[in-house]
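Note sheet for the following structure.
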Amino acid sequence: MVASAAEHKDDPFFLKSPRELYLLFAGGEITTSKPKPDPVPDTPKEAVPLTVKSSSSGNTIVTNHTDWLSKLNPFSHFGGTSSDPSKDPNLVLYKAKVSIERASVKGFDINNPISDLVELGQELISNHVTLQLVSNDLDPATQSGKLSGKVTVEHWGKPRDLFIPTVFEFDLKFYVPKDFGVPGAIIVNNGHRNLVLLLSKITITTEFNLKDVKVTLPDNSVVNFACNSWVYASDMNKSGHDGRVFFVNKEYTPATTPPGLVKLRENELKELQGSGTGERKIGERVYDYDVYNDLGTPENTRNILGGSSEYPYPRRCRTGRKLNKDGKTETRPGGLKPTNYIPVDEYFNAVKKSGFFGNFVKAQKHNLVANMVDFDKQFRDFDEVRSMYVPIGEESKVEEYSNNQQQPFELIRNLAFASGDDRDLLKYPTPRIIASDKNAWTKDEEFARQTLAGMNPLLIETLKEFPLKRPSAVTAAIIEPQLEGLSISEAIAKKKLFVLDYHDRFMGYIQRINELKGSKAYASWTLFFLTNAGILKPVCIELALPSAVDGDTPKLRVFRPAEKGATKNWAWELAKAHVQSNDASWHQVISHWLRTHACIEPFIIATNRQLSIMHPVNKALHPHYKNTMDINQQARTGLINAGGIVEQTFTPGKYSIEISSVVYRGWRFVDQALPNDLIKRGMAVPDPSAPHGLKLVIDDYPYANDGLELWAAIRKWVKDHIDIFYADDAAVLADAELQKWWTEARTVGHGDITEGWIMADSKDNLVQIVTIIIWVASCHHAAVNFGQYLYAGFMPNHPSLTSKLIPEEDTPEWDSMQQNPEKYLLAMLANPVQARINMTTIEILSTHSSEEEYLGQREAGWTDNSKVLAAFDSFSKKVEEIDALIKSRNANPSLKNRNGPVKVPYELLRPLGVSKEGGLTNKGIPNSISI
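Numbering (UniProt numbering), first residue to last: 1 to 931.
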């Protein structure tokens, strides 16, 4: 019979008004009852405690009322008497502890009361969240894993703080046959339906983050499922099974997969691969490829990058948005904060998203100030540039929110403090390069040192021959007086001459760049000499402009530093600025964006499409992919797109990303290994007797010294990991998932590049492949990303933009430059508006998140394999040793290139030197390209 109101007139929980219900579940005491397994009939109701955990120690509550939701649901009163499964001698009890974080507002660290109300309504009409166990053992009838009954996650509407992400724990009981075996997977069904409003214009989703599940067996052993994934309503599920599948926290190759999991493993990969058609929607998990055909608009077009020999490029994540009228380019995302589709688990977590949004709002605040300045106004002198920074010693400190390790008020903190912890909301933190000596950055020694220990230490190479094979105005008479008594041939033989060569790299675009409004550039070539003191000194700079007539000799000018004791040579200073501008553009677009962000994304897509989450290679790579697809999709919306920040603030303007496509033609995977890169540039030679099998040409080369230590440690960890799962080369070749993964990564993800690949046909090659990917995602990216504000935050040191050429001697403009050279130099560089835009961007890019995960660290419970844990523990200890070694190197006064005249130690490859608060530390190597 149906329960009546009279029957419950004294029950304070019966038939509450919607407002009372909301107040009740939002802040009152909530009751629980013993969960009911399905399909076994309900057991009699009894009061049992349920613990709700929060990251705040003061928010743990225990409830002990009977189940009020079932009383509100009239359908729950149908049915007969229930039996007690615990009395059935053929059943055994498996206990599950389920940790869940419910929906937030647009992914920020603010809980969503509207979703809470929708979910409450779904619970009232018996649309529940259920879990089902899948055994490792095969069910002969289905040829799949044995299945338990579905068990409902009851008492969903628990109270939670609006601002603190709360993790709720639910206790579930599964009664299964004695021969059920060990669970190897769980199936989670989110029965909460989404609420669609205004003719499908607004959808209130009911997703939740399944953190982990722990299943205790009758012998008290525990089977762990580390999930950490958003589970959307099952009516959005496109898989062939009823719900989301999560696998046990162990590694299996396809050959060692338990029989009961084989089909689930195959089906899960098919779901992640998708059909390759249609537009991707929120909550989906499909990984697929596409070309960069969405950077421009019909009014402001850009070439399609990828899929052609003219403009090759790595692939990005496919969104499936409709095409423009040309039938080739994709429409761009709309909305106040446009977002490109990526699979749901690739987005920032709530805290990082709030912090990033806070930085975005802070950027708008800085840009507002910039826009109040006349765009044509120029800096008058260096002191005016320095006035944009908070004075040294006046920075404030923000206390860590101690009761919440995730710092949910990251958004508020970033809104309140304009630049990290600065008091002045409209100023920037002082870059360390001008902190101890405001003029040390101008020294030639520092200019040269930054090629070895700056923000782009990947381009310097040995001079292999002279004269050059191309037309050049550099002569032996210019070079030899500065070689400490050596001839050019002797200096080359002794590997003491080095070049920073942007001549060939930029020459093909200089004419087009110089036709842009506000851009003027040269193709530069800079020569350095390694002195007996072990430091580099610049010898000369050659600046080239293309001839007005095709085929004619380019227009060449050579600049030399001032003689010792002579007055400052301002033409030389202008030439250095043009070199640094070349370097800044190459650094941002090639060394940073192309070689890390863009080139890693295809590996992320291929890994998720072809390697099960249980695959040992997926397990090794997983932390090194975190957040990369999210930061890349954001870059396509505002950084590398037509009219984006890169085009606004770098000299090549609209050609910037196109140039990266031209450079990608020569990209080779094998060269991304640090030892190979150093050998190719002539900066190291093979030497079996030397540490790491290489002898550096410059002993004090901080990037290479520190990098080789890290490279060796990563490779050792990867080898130890691979040795656990593959007995020999034949096992590598026999792994079907592995072979499909690497074939797809090469031929689809990087399908435009057919040379320079390593084949996954042996254990050693597999180790090298995985090591390269981890190196690029962690160390390479850290080396070129986190020093941006340190070196380029003070714009004159590393200008991103030049708008004038150097005047010719004996001209009125030359005379004007000589009368006020500092003003002329600054007028040649970015104006205050452009400088602020660039500074704001690189400040954000250089800032560590407060919840970053660093090299040698992984989240707790990432694997239950004791051998894997032991190997990783050894790696973590080695990383700690390297961190201490780098710290000691920086304290060694004989290593002059590690601090330089600016007295800033080289810490970009110090793996663990970061405080919990994150910030502009200039040290610490995150596992992944997460910013």
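In this text, a Cβ means the ideal position worked out from N, Cα and C, and glycines have one as well. Predicted model only: the values in this text are computed from it and were never measured.
Checklist entry - For Y703 versus P538, is the C-beta distance shorter than 8 Å? => result No, they are not a contact pair.
Item to check | Alpha-carbon spacing of A575 relative to Y502, whole angstroms | outcome: Pairing A575 with Y502, the inter-Cα distance amounts to about 13 Å.
Checklist entry - Rounded to whole angstroms, how far is the Cβ of V868 from the Cβ of E490, which I believe are closer than 8 Å? => result Your pair V868 and E490 does not check out as a contact, with CB atoms roughly 53 Å apart and the cut at 8 Å.
Item to check | Length of the line joining the Cα atoms of Y854 and T863 | outcome: When rounded, the distance between both Cα atoms is 17 Å.
Item to check | Inter-stretch contact (C-beta, 8 Å, three-pair minimum) for the stretch 210-223 and the stretch 88-103 | outcome: Touching, yes.
Next on the checklist: The alpha helix (DSSP H) that contains Y791, what's its start and end?
Outcome noted: From DSSP, the alpha helix (DSSP H) with Y791 extends over Q788 to A792.
Checklist entry - What do you reckon, are the CB atoms on A226 and D212 nearer than 8 Å? => result Judged by beta-carbon spacing, D212 lies within the 8 Å limit of A226, meaning their Cβ atoms are closer than that value.
Item to check | Same chain, Cβ closer than 8 Å to residue 937, neighbours up to 5 away in sequence not counted | outcome: Nothing can be reported for residue 937, as the shown portion of the chain is limited to 1 through 931.
Checklist entry - E101 lies in the alpha helix (DSSP H); which residues open and close that run? => result E101 -> not in any alpha helix (DSSP H); beta strand (DSSP E) instead, spanning L91 to R102.
Next on the checklist: What would DSSP say about G638, mapped onto helix, strand or coil?
Outcome noted: Three-state result, G638: helix.
Item to check | Nearest-angstrom Cβ-Cβ length linking S930 and K654, presumed shorter than 8 Å | outcome: No, S930 and K654 are not in contact; Cβ-Cβ is about 28 Å, not under 8 Å.
Item to check | As assigned by DSSP and simplified to three states, the class of A548 | outcome: Residue state, collapsed to three classes: coil.
Checklist entry - Could you give the distance in angstroms between the alpha-carbon of P926 and the alpha-carbon of G320? => result Rounded to the nearest whole angstrom, the CA to CA distance from P926 to G320 is 31 Å.
Checklist entry - Looking at L452 and L536, is the spacing between their C-beta atoms short of 8 Å? => result In this structure, L536 lies near L452, with their beta-carbon atoms less than 8 Å apart.
Item to check | DSSP three-state assignment for K537, whether helix, strand or coil | outcome: Look at K537 here: in three-state DSSP terms it is strand.
Checklist entry - Does the stretch 271-279 come close enough to the stretch 178-192 that 3 or more CB-CB pairs lie under 8 Å? => result As far as the Cβ criterion goes, the stretch 178-192 does not touch the stretch 271-279, which means the pair count is below three.
Item to check | Member of P254, T475, L261 and W711 whose CA lies at the smallest distance from the CA of D139 | outcome: Comparing Cα positions, the closest option is L261.
Item to check | Distance CB(D630)-CB(Y313) smaller than 8 Å | outcome: No, the pair does not count as a contact, with Cβ atoms beyond the cut-off.
Checklist entry - Who pairs with Q132 in a beta bridge, going by DSSP? => result According to DSSP, Q132 bridges with I187.
Checklist entry - Do you know offhand how far K325's Cα is from G307's? => result In a straight line, the C-alpha of K325 is about 20 Å away from that of G307.
Next on the checklist: Cutting at 6 Å between CB atoms, please list the residues of its own chain near C906, excluding the five before and the five after it.
Outcome noted: Contrary to the premise, residue 906 reads as Tyr rather than Cys in this sequence. These residues qualify, in order along the chain: A453, P702 and R898.
Checklist entry - Over what stretch of residues does the alpha helix (DSSP H) that includes L738 continue unbroken? => result For L738, the enclosing alpha helix (DSSP H) begins and ends at A736 to E744.
Checklist entry - So, helix, strand or coil for F247, using DSSP? => result Here F247 sits in strand by DSSP.
Item to check | Completely contained alpha helix (DSSP H) runs for the stretch 451-531, where each covers 4 or more residues | outcome: Inside the stretch 451-531, DSSP marks whole alpha helix (DSSP H) runs of 4 or more residues at positions 476-479, 488-493 and 503-514, from first to last along the chain.
Checklist entry - Could you give the distance in angstroms between the alpha-carbon of Q834 and the alpha-carbon of I844? => result Spanning the two alpha carbons is a distance of roughly 16 Å.
Next on the checklist: I need the straight-line Cα distance from A792 to S800, nearest angstrom please.
Outcome noted: Between A792 and S800, the C-alpha separation is close to 8 Å.
Item to check | Sufficient close CB pairs (3 or more, under 8 Å) joining the stretch 606-621 to the stretch 565-580 | outcome: With the rule of 3 Cβ pairs closer than 8 Å, the stretch 606-621 does not count as touching the stretch 565-580.
Item to check | Assumed close pair L527, L463 - CB separation to whole angstroms, cut-off 8 Å | outcome: Rounded to the nearest angstrom, the Cβ distance from L527 to L463 is 7 Å, consistent with a contact under 8 Å.
Next on the checklist: Nearest by alpha-carbon distance to E744: which of V902, P298, Y289 and K438 is it?
Outcome noted: The residue among V902, P298, Y289 and K438 with its C-alpha nearest the C-alpha of E744 is Y289.
Item to check | Start-to-end residues for the beta strand (DSSP E) that takes in T567 | outcome: Unbroken run through T567: none, as it is neither H nor E.
Checklist entry - So P702 is in the alpha helix (DSSP H); what residue range does that whole segment cover? => result Per DSSP, the unbroken alpha helix (DSSP H) holding P702 starts and ends at P702 to F725.
Next on the checklist: Tell me which residue opens and which closes the alpha helix (DSSP H) that S816 is part of.
Outcome noted: Counting along the chain, the alpha helix (DSSP H) containing S816 begins and ends at P812 to Q819.
Next on the checklist: For a minimum of 4 consecutive residues, which ranges assigned as the alpha helix (DSSP H) are wholly contained in the stretch 660-702?
Outcome noted: Runs of the alpha helix (DSSP H) inside the stretch 660-702: 674-680.
Next on the checklist: For L845, report the span of its alpha helix (DSSP H) as first-last.
Outcome noted: Per DSSP, L845 belongs to the alpha helix (DSSP H) from P832 to L845.
Next on the checklist: I need the straight-line Cα distance from V748 to I758, nearest angstrom please.
Outcome noted: Separation of V748 and I758 (C-alpha to C-alpha, rounded to the nearest whole angstrom) is 15 Å.
Next on the checklist: Let me make sure I understand the geometry here. Which of N293, E737 and V196 has the alpha-carbon closest to that of A760?
Outcome noted: Minimum Cα distance to A760 is reached at E737.
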